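Residue numbers (this note's numbering): 12 to 116.
Each residue gets a CB set at the ideal place from its N, CA and C atoms; glycine is no exception.
Keep in mind the model is a prediction, meaning the values are calculated, not measured.
Each remark here refers to the structure printed beneath this line.
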Amino acid sequence: HTLPADTTEGQLLKIIGDLNADKSIHGILVQLPLPGHIDAGKVIQTIAPEKDVDGFHFINVGKLGTGELETAFVPCTPAGSMLLIERVRGKDLSGLNAVVVGRSN
């Protein structure tokens, strides 16, 4: 969905609720930042944890933090980054240094 900037928080939450209920939808990603009149935290927590592609829902963050990787939704950006690095450098990354530049959740 591409929504106009004047979409209300209620309208966005309704769309997310509909996507959560739609069995043909397997993942939801909300492009942040959102307009100032929309509470991003509320929007993120409305996404069903099993469809939270970014891994920002508190349930997924908690599972990642406790090492429950089998049932957590690993965020797509770091997972994709690690896949690319492993394809270039192999699985053993011990002794290597990494720098992360940017600002994200």
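Buried or exposed: residue i, going by 16 or more other Cβ atoms within 10 Å of its Cβ?
i, result
"residue 84", "buried"
"residue 99", "exposed"
"residue 68", "buried"
"residue 124", "Only positions 12 to 116 of the chain appear in the structure, and residue 124 is not among them; the question remains open."
"residue 111", "exposed"
Looking at residue i: is its Cβ nearer than 8 Å to the Cβ of residue j?
i, j, result
"residue 66", "residue 86", "yes"
"residue 57", "residue 27", "yes"
"residue 30", "residue 54", "no"
"residue 96", "residue 63", "no"
"residue 1", "residue 60", "Because the chain here runs from 12 to 116, residue 1 falls outside it and cannot be looked at."
"residue 16", "residue 44", "no"
Against chain B, with Cβ distances strictly below 8 Å, would residue i count as a contact?
i, result
"residue 34", "The structure shown contains no chain B; it holds only a single protein chain."
Can you determine whether any heavy atom of the ligand MG sits closer than 7 Å to the C-beta of residue i, and answer yes or no?
i, result
"residue 39", "In the structure on display, the ligand MG does not appear, and there are no ligands present to speak of."
Fill in: Residue ranges of each alpha helix (DSSP H) within the region 27-105, 4 or longer
51-57, 69-76, 87-100
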